[in-house]
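Notes follow the structure.
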DNA sequence: AATGAATGAGGGTTCATTCAT
DNA sequence: AATGAATGAACCCTCATTCAT
């Protein structure tokens, strides 16, 4: 929230992201994070109140980054449900492939948030799910999505996109653009998109 | 692996499953596990070599339980790819809803396995994925599944089924049978099943 | 002391000697000893009351073995102080080279004996030192040993002989007989043996 | 090696020396050491990486202290082998009597050093033995030491000097100066020192 | 703005030992 | 004569955190 030194913040957050992603929150060591960031242990405590505070900061920042990406894509896309769904899935696939560390932390470590920090995060996360829900329901109302299971389709789409962060390899055979095509197609298949 | 006393084993494994599921492997305390199992700390060490050993035992047991369920379902189902896919998805949905703790541990905590134990687990897990792959590819060859993205469809189906363990509530509005129907339908939609 | 089963006793004592010698008393594990002896942990406790009891048994046995060897050598030697000194030094060198494990345990681990067991051991050990003392003093009275420092000479001789167990290598270049010659010569030099 | 605070270091090292000397390395408790030093357990770990690290620090420091004393004595002594031998034996006797704890730790606990730390220590210790060897061999070449057993004489002298730390009592009947006289005489006797 | 020193709680693990059988 | 099961105490060590400076 508060800004102390941009550099300090950044080094710590980046180090923490890696440490959290590699070891998981509770196995992560705040000493390691400080060391990775090239700071003293006490310096870290100057910037952040503690481990939870650091996790919360990262989780909120990374979730926000994801939603910013989604919002931009949605804004640039056409208004019809199919275009909107394509846009949000594409943005998600891009984010999961281009920011696997951020993605995995948000997906995996949010459960380590203590109640105090959890509230704000969950709320933020729900607003996210709502975007998918709204689009799908709009598509059904418009008669272009024919799935009888709106909620499950929504969960399926989110789950399959999230999983990408766990297996995708930038140096692998499949390019991001190709993957975007596949997953937008899959998403439309899942909601049973049929025009006319 | 090794069997010492059925009772001792069972109490410990059940307690450990809960602890691992609630807190995650590395936040889990072996002292807590012993207490939950109603044993002394050292008694636990009489049965298991350590925390890793306990995790590995649980992971292997629960993964095996899942695959046993799948195999039974596959054996009882028709030979055609659609029936086979329906069967394995149904078995998976059932397992995820009826054994959410086992499911979540297998899905979430396998990454805490150290190399020594990992090998056997990964191999076992791969044989699992192969079942899905084989069925989908058979369906494509047979001309009944029309998805152009066999691998991604496979991943999507697995991801959506796995996610169930995270949100499903036995006391919620949706019954298991209903959920099975929905997810088998969704799976067939994903692979673009069309006969004739 | 009491005999339960000759075999059991022997296997345990031999295993314990090795373990004590390799790791030192307090780092030695009674579980390891049982395992090395090919017995169950409880079997060991059937034969010995505990770790201390086992140590005491070994220490007493090995010290006794050493003094038996000395007594035999002294009995077989001439009555004059020089012959007696030669005999006891030769016996000591032989024991240290031929039974390095027993030697090292007696020398090194006696300090781990608890008071209860210590008394008997110390007494036994003192009777040992007395043999050296008596011989040296006899030699001085007889006018064949001319050292002005009887006690220090005694300590020096014992120390140099004991040290052998720490460095002597059976497969090394120096044979036992040769070593016996050297150390008996050295001992007589130390007490300044001059006849006539 | 690393220096953090002179005070912290000193209190810990002194406490550890006593604990190691009294109980032996593996029976020594790091909690006891911290308590004796008047520090918290974790404070100790701020200064030393662990039990081994502490042992290594002490062993190296105390061995160095001994060799510094030897070097000073050798530098102040005459160049001829007899004077040099007298000097190094005198320095050794003084060190063993005046620093019995340091002496006993170096002599007894070096075997508890793990390979990682052992190397440096052994090397340092070998340079030590070499001093004795060089002097004795120089004496033999110069025709003033007549022992036919240079190596065994060296070992005997070192062994008898080392043993002092185990039995010498500062409040006993024998003063240090007197002991120095006796042991230098004994050493020259052992190498069969005869001039002219 | 930044740190070195110190702490207390808890971590996993191993230990010698006992006891019912 | 022999054992499997269980225990409580202690082990070394690492942790997130604080505080005086």
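Chains as they are written, first to last, in my numbering: chain A, 1 to 196; chain B, 1001 to 1196; chain C, 2001 to 2196; chain D, 3001 to 3196.
For glycine and all other residues, C-beta sits at the position ideal for the given N, C-alpha and C.
Looking at chain B, is there any beta carbon in it that lies within less than 9 Å of the beta carbon of residue 147 (chain A)?
yes
Run through the DSSP bridge pairs and tell me what residue 3145 (chain D) is partnered with.
D:3193
Spatial distance of residue 2045 (chain C) from residue 2033 (chain C) (CA atoms):
11 Å
Leaving aside the five residues before and after residue 2020 (chain C) along the sequence, list all residues of the same chain whose C-beta is less than 8 Å from its C-beta, in chain order.
2028, 2055, 2058, 2105, 2109
Pull up the distance between the alpha-carbon of residue 3169 (chain D) and that of residue 3092 (chain D), whole angstroms please.
16 Å
Can you tell which of D:3096, D:3180, D:3166, D:3193 has its C-alpha closest to the C-alpha of residue 3063 (chain D)?
D:3096
Closest Cβ-Cβ distance between residue 2162 (chain C) and chain D: below 9 Å?
yes
Apart from the five residues just before and just after residue 3017 (chain D), which ones in its own chain have a Cβ nearer than 8 Å to its Cβ?
3058, 3062, 3101, 3102, 3105
Spatial neighbours of residue 1112 (chain B) in its chain, beta-carbon cut-off 7 Å, leaving aside the 5 residues before and after
1025, 1026, 1055
Under DSSP, the alpha helix (DSSP H) around residue 1967 (chain C) begins and ends at which residues?
Missing from the structure shown is residue 1967 (chain C); chain C here goes from 2001 to 2196 and no further.
Whole-angstrom distance between residue 3067 (chain D) and residue 2142 (chain C), CA atom to CA atom
42 Å
Might you give, ordered along the chain, the residues of its own chain that have their beta carbon closer than 6 Å to the beta carbon of residue 2176 (chain C), omitting 5 neighbours on each side?
2097
C-alpha distance - residue 2039 (chain C) paired with residue 2051 (chain C), whole-angstrom precision
15 Å
Quick one: grab the DSSP three-state call for residue 2139 (chain C).
helix
Who are the Cβ neighbours of residue 2150 (chain C) in its own chain at under 7 Å, not counting the five residues just before and after it?
2136, 2137, 2140
Quick check: what's the CA-CA separation for residue 3116 (chain D) versus residue 3014 (chain D)?
23 Å
From the beta carbon of residue 2186 (chain C), is the nearest beta carbon of chain D less than 9 Å away?
yes
Collapsed DSSP secondary structure at residue 2120 (chain C) in the structure displayed
helix
Can you say whether residue 3081 (chain D) is buried or exposed, counting buried as having 16 or more other CB atoms within 10 angstroms of its CB?
buried
Verify the CB distance criterion: does residue 1153 (chain B) have a CB-CB separation below 9 Å to chain A?
yes
Using a threshold of 9 Å, state whether the C-beta atoms of residue 1090 (chain B) and residue 155 (chain A) are closer than that.
no
Give, in chain order, every residue of the stretch 3011-3036 of chain D whose Cβ lies closer than 7 Å to some Cβ of chain C.
3024, 3026, 3027
Compare the C-alpha of residue 1181 (chain B) against each of A:148, A:166, A:157 and name the closest.
A:148
For residue 3079 (chain D), is the classification buried or exposed, using 16 other Cβ atoms within 10 angstroms of its Cβ as the cut-off for buried?
exposed
How many whole angstroms separate the CB atoms of residue 165 (chain A) and residue 107 (chain A), which I take to be in contact at a CB cut-off of 8 Å?
7 Å
Go to residue 3094 (chain D), then tell me how far its alpha helix (DSSP H) extends in each direction, as first and last residue.
3081-3098
Should residue 2112 (chain C) be flagged as near chain D, meaning a C-beta pair shorter than 9 Å?
yes
Give me, in chain order, the residues of the same chain whose beta-carbon lies closer than 7 Å to that of residue 1131 (chain B); leave out the 5 immediate sequence neighbours on both sides.
1070, 1088
Residues of chain B with CB closer than 9 Å to the CB of residue 183 (chain A), please, in chain order.
1149, 1152, 1156
What does residue 3068 (chain D) touch in chain C if you count any residue whose Cβ is under 8 Å from its own?
Per Cβ cutoff of 8 Å: no residues; residue 3068 (chain D) is ~24 Å from chain C at best.
Sequence-distant residues of the same chain with beta carbon closer than 8 Å to residue 1133 (chain B), five excluded per side
1150, 1151, 1154
CB contact below 9 Å: residue 55 (chain A) versus chain B:
no
Give me the residue from B:1172, B:1065, B:1144, B:1160 with the minimum Cα distance to residue 1125 (chain B).
B:1065
CB of residue 3174 (chain D) within 9 Å of CB of residue 3085 (chain D), strictly:
no
Does the ligand COA have even one heavy atom less than 8 Å from the beta-carbon of residue 2124 (chain C)?
Ligands are entirely absent from the displayed structure, and the ligand COA is therefore not among its contents.
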